[in-house]
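The structure appears below as structure tokens.
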Amino acid sequence: MHTCLFDFETVFNDRNSMNVINISIKPQLVLAVLKLRLISYWFIHKFGKMQRGIFPQFKVNELARFPMPRSFTPHEESLIASVKRILAAKQANPSSDTSAMERVIDQQVYTLYGLTPEDVAIVEGTAK
Numbered sequence: 297m298h299t300c301l302f303d304f305e306t307v308f309n310d311r312n313s314m315n316v317i318n319i320s321i322k323p324q325l326v327l328a329v330l331k332l333r334l335i336s337y338w339f340i341h342k343f344g345k346m347q348r349g350i351f352p353q354f355k356v357n358e359l360a361r362f363p364m365p366r367s368f369t370p371h372e373e374s375l376i377a378s379v380k381r382i383l384a385a386k387q388a389n390p391s392s393d394t395s396a397m398e399r400v401i402d403q404q405v406y407t408l409y410g411l412t413p414e415d416v417a418i419v420e421g422t423a424k
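Just so we're aligned, residue 297 is where the sequence shown starts under the working numbering, counting upward by one.
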């Protein structure tokens, strides 16, 4: 699940999309977590299904079961700033390469979940 959209002004969706509204966590933090490879890994292993063998397609009740970090400290402000930089870059040029910034977010969120280097290697598919 590497396609997420953040917009304060407009709601875009089709029949396969979900809108996260009235949340108690800052939206940029939710976006940081939803963009992770970790959520795709968790979904595939928790529910054992893929949409057309390409990507996981979440249903509302499944996404509601995803364990969000209890705290984003000490990375909260850094995560929000990183997400804002990515959003600004994509707004200026939708094809801009933000992968380096996304990797920084991944690493920060992995620490929030307490993942070891071995866990990260498994999630990222680089385990030997």
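Heads up, the beta-carbon is just placed ideally off N, CA and C, and yes, glycines get one too.
In the DSSP assignment, the alpha helix (DSSP H) including residue i goes from what residue to what residue?
{"i": "R333", "result": "R333 to F343"}
{"i": "M364", "result": "Element bounds for M364: n/a, residue is neither H nor E."}
{"i": "P323", "result": "P323 to L330"}
{"i": "Y406", "result": "S395 to L408"}
{"i": "P413", "result": "P413 to V419"}
Can you give the Cα-Cα distance for residue i and residue j, rounded to whole angstroms?
{"i": "H298", "j": "E398", "result": "At H298 the pLDDT is 47, less than 50, meaning the model places this residue with poor confidence and gives no usable figure here."}
{"i": "T394", "j": "I382", "result": "6 Å"}
{"i": "S320", "j": "P363", "result": "14 Å"}
{"i": "G421", "j": "V356", "result": "26 Å"}
Report the CB separation of residue i from residue j in whole angstroms; it is logged as a contact under 8 Å.
{"i": "V405", "j": "A328", "result": "6 Å"}
Cβ pair count under 8 Å reaching 3, the region 381 to 392 against the region 356 to 371:
Output reads no: the region 356 to 371 does not touch the region 381 to 392.
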